[in-house]
Amino acid sequence: MRTLFFIAAALLAGAAPATAKTVSISFDGFCDGMDITIDKDQQTAVEAANGCSKGAGYGGGTIGRIKNSFFLEGKRLTLGVRKDGSQDQFVYVLSYPLVTGGNWISFYTSDGKTLIQNDTGLYTVTDKSHSPRKGLRSTSEIHR
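In my numbering, the protein residues as written are 10 to 153.
Listed below in structure tokens is the structure:
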């Protein structure tokens, strides 16, 4: 599965080198973040986990507008994410464009049908891809 992610990332970067851009974010108050490669022409993105989750998560998604939702309304990047070692699947919804102070919310599903809100907060755009932030928990730790 990880190979599939890297193939998708290579295709995304190779298909539109002028429009593909990688942005690293860290989730404020958590030890992890994401390195997100965005293709503005296709309005798509692929991501790889960084920080304390480096190498343990990957996913992809789209950019679009969400309507009729108090917290989520507006332009958003929505990513389906697989975390290694977890049977749960995650959905992250991030405010877009990616700028420091943007908000995010995550959900998880154990059965593929029911989404349960997991965490929410702000993120910081950083140039320190893959730098762990010690003493904090990961956004993929589930509140059951």
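Here a beta-carbon is modelled for each residue, glycine too, at the ideal position from N, C-alpha and C. Note that this is a predicted model, so its numbers are computed, not measured.
Quick one: any contact between the segment 45 to 55 and the segment 70 to 84, if contact means 3 or more CB pairs under 8 Å? As far as the Cβ criterion goes, the segment 45 to 55 touches the segment 70 to 84, which means the pair count is three or higher.
Within this structure, are the beta carbons of serine 115 and tyrosine 101 separated by less than 7 Å? In the sequence shown, the residue the question calls residue 115 occupies position 106. In the sequence shown, the residue the question calls residue 101 occupies position 92. In this structure, tyrosine 101 lies closer than 7 Å to serine 115 by Cβ.
Euclidean distance between Cα positions of glycine 68 and alanine 54: Taking the sequence shown and counting its residues from 1, one reaches residue 68 at position 59. Taking the sequence shown and counting its residues from 1, one reaches residue 54 at position 45. About 9 Å.
Helix, strand or coil: how does DSSP classify asparagine 7 here? This structure cannot settle anything about residue 7, because the visible part of the chain is limited to 10 through 153.
My output table needs one value for arginine 91: the three-state DSSP class, helix, strand or coil. As a position in the sequence shown, residue 91 is number 82, starting the count at 1. Residue state, collapsed to three classes: strand.
Best match in Gly83, Phe79, Phe36 and Lys63 for proximity to proline 106 [C-alpha to C-alpha]: Translated into the one-based positions of the sequence shown, residue 106 becomes position 97. Minimum Cα distance to proline 106 is reached at Gly83.
In whole angstroms, give me the CA-to-CA distance for glycine 42 and leucine 103. Position 33 of the sequence shown holds residue 42. Position 94 of the sequence shown holds residue 103. Using only the alpha carbons, I get a separation of about 12 Å.
Suppose you measure from the CA of tryptophan 113 to the CA of glycine 38; what does that come to, to the nearest Å? Looking up residue 113 in the sequence shown gives position 104. Looking up residue 38 in the sequence shown gives position 29. In a straight line, the C-alpha of tryptophan 113 is about 12 Å away from that of glycine 38.
At which residues does the beta strand (DSSP E) containing lysine 30 begin and terminate? Within the sequence shown, numbered from 1, the residue matching residue 30 stands at position 21. 29 to 36 is the span of the beta strand (DSSP E), which, as asked, contains lysine 30.
Report yes if the C-beta distance between serine 35 and threonine 109 is below 7 Å; otherwise report no. To locate residue 35, count along the sequence shown from 1; it is residue 26. To locate residue 109, count along the sequence shown from 1; it is residue 100. No, the Cβ-Cβ distance between serine 35 and threonine 109 is not below 7 Å.
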